[in-house]
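What follows is a short report on a single structure.
Following this line, the structure appears as structure tokens:
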């Protein structure tokens, strides 16, 4: 019983320690996603041409 | 056309020439302007047909991925080993994803059928080993 309680306590502490970090990472990823989406919407020509060029280079490298 | 006046010979010719040149310049200007207008209309038509801005607004990542794919194809990556690997991986994942629901349904059906057989109990029919042992026990109890 003591062992189980100890394990539960450890798991709870671990969860309490990790939960804010996960929330922070989630928030940062969400911000990054918003920034990327906004940038693509603001500069569609640059993004599409860049992606086209990147794809072309990758295709060239892959075909060698 | 105005009639030429012989008195002012050279001047008139110069004036005529100048006017003709002016007309020519004007005509060239008009033609260039028409060509520019037509080109702009054509570009606007193409933009309207492709609706790039709308597509980017609706699916930003999808449009960029499509551009990346088009560039990859233009770069000659279609018949490369990398494409083969990517396609093979996609095919395997797709088959697994498609097979999982079918297998799950089959397993649920099998488990349900087993449960019904066990619950249906003593009304005869085929049964598994557990059912056979139950029947054997009940037969033994019935025997004097």
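Protein chains in written order, with my numbering: chain B, 1 to 64; chain E, 65 to 208.
For every residue, glycine included, the Cβ atom is placed at its ideal position computed from N, Cα and C.
Item, Value
"What residues of chain B sit near residue 177(E), judged by a beta carbon separation below 8 Å?", "Here the premise fails: no neighbours, minimum Cβ distance about 38 Å."
"Measuring CB to CB, does residue 49(B) end up less than 8 Å from residue 134(E)?", "no"
"Is the Cβ-Cβ distance between residue 44(B) and residue 132(E) less than 8 Å?", "no"
"Counting only beta-carbon atoms, is residue 120(E) nearer than 8 Å to chain B?", "yes"
"Would you call residue 25(B) buried or exposed, if buried means 16 or more other Cβ atoms sit within 10 Å of its Cβ?", "exposed"
"Quick one: which unbroken beta strand (DSSP E) runs of 3-plus residues sit fully inside the stretch 107–150 of chain E? Chain order, please.", "none"
"Residue 3(B) by DSSP, collapsed to three states: which one?", "helix"
"Do you know whose CA, among 47(B), 33(B), 39(B), 29(B), lies nearest residue 129(E)'s CA?", "47(B)"
"If we count the other Cβ atoms within 10 Å of its Cβ and call it buried at 16 or more, is residue 93(E) buried or exposed?", "exposed"
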